[in-house]
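In our numbering, the protein residues as written are 29 to 227. The beta carbon of each residue, even a glycine, is placed where N, CA and C say it ideally should be.
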Amino acid sequence: MSTEKQIAANQANSQHSTGPKTEEGKAASCLNNFRWGFCGAFNVLPAENAEVYENLLLSLRLEHKPSTPTEAILVEKMAQHHWLSQRAMTLQNILLKDALLTPENEKQFQLFLRYQTTNDRAFHKCLNDLLKLRAEQRKAQIGFESQKLKQEDHARKLSIEKRKQDVHKMDILLAEAKADHQLMLNSQLEFAQKKQMAA
């Protein structure tokens, strides 16, 4: 069990080791235990050509033309996973080129192979997610257009039905007017006949 004196000494000592304070120090410390760049935040390594990565990203953007933030993220992830897969293949080739597949190198080779397949799968998952998202958007658009066509068709049918009803009402009014006219003619005829008979 620690004494109070040891605890106080430990607390005083811990104030001296609080980690980096400057941005440069923090940037350097985040690279502690950095080996191959497969884990953690994506970065193009200093030994790699950043321009080639930017061209890859640009060509994927031109090919897929992302129209939403989600699509843009998926395209960027595709570029990153493809880049990491190529990095893993390069490291595998270096091990094979040296032909030094010692037990340690064999483990390293298997690790690089696993990184490659993981990133290949992640690339294809992003691509499938992008295609699925676009298919859903098209389906929703088609559904919207289909719904709009149905509404227009329904409105047209209602308009036709209303027109038929209006024509029917007019036919009834015309028939009633003809009947009233005939009744008036008949009553005039009767009146004329009665007048003639009375005279």
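Taking its Cβ as the centre, do 16 or more other Cβ atoms sit within 10 Å of residue i, making it buried, or is it exposed?
i, result
"residue 107", "buried"
"residue 56", "For residue 56, the predicted model reports a pLDDT of 48, less than 50, meaning its position is unreliable and no value from the coordinates is stated."
"residue 61", "Bear in mind that the predicted position of residue 61 carries a pLDDT of just 48, short of 50, making it too unreliable to give a figure here."
"residue 221", "exposed"
"residue 144", "buried"
"residue 214", "exposed"
"residue 112", "buried"
"residue 158", "buried"
"residue 95", "exposed"
"residue 224", "exposed"
Taking the alpha helix (DSSP H) that residue i falls in, what are its first and last residues?
i, result
"residue 33", "32 to 42"
"residue 83", "78 to 92"
Are the CB atoms of residue j and residue i within a distance shorter than 9 Å?
i, j, result
"residue 140", "residue 117", "yes"
"residue 137", "residue 120", "yes"
"residue 154", "residue 103", "yes"
"residue 161", "residue 91", "no"
"residue 147", "residue 109", "yes"
"residue 38", "residue 30", "yes"
| message | Quick check on the DSSP output: what are the complete alpha helix (DSSP H) runs of length 4 or more inside the region 163 to 193, in order along the chain? | response | The region 163 to 193 contains no whole alpha helix (DSSP H) run of 4 or more residues.
| Which whole runs of the alpha helix (DSSP H) in the region 128 to 158 are 4 residues long or more, in chain order? | none
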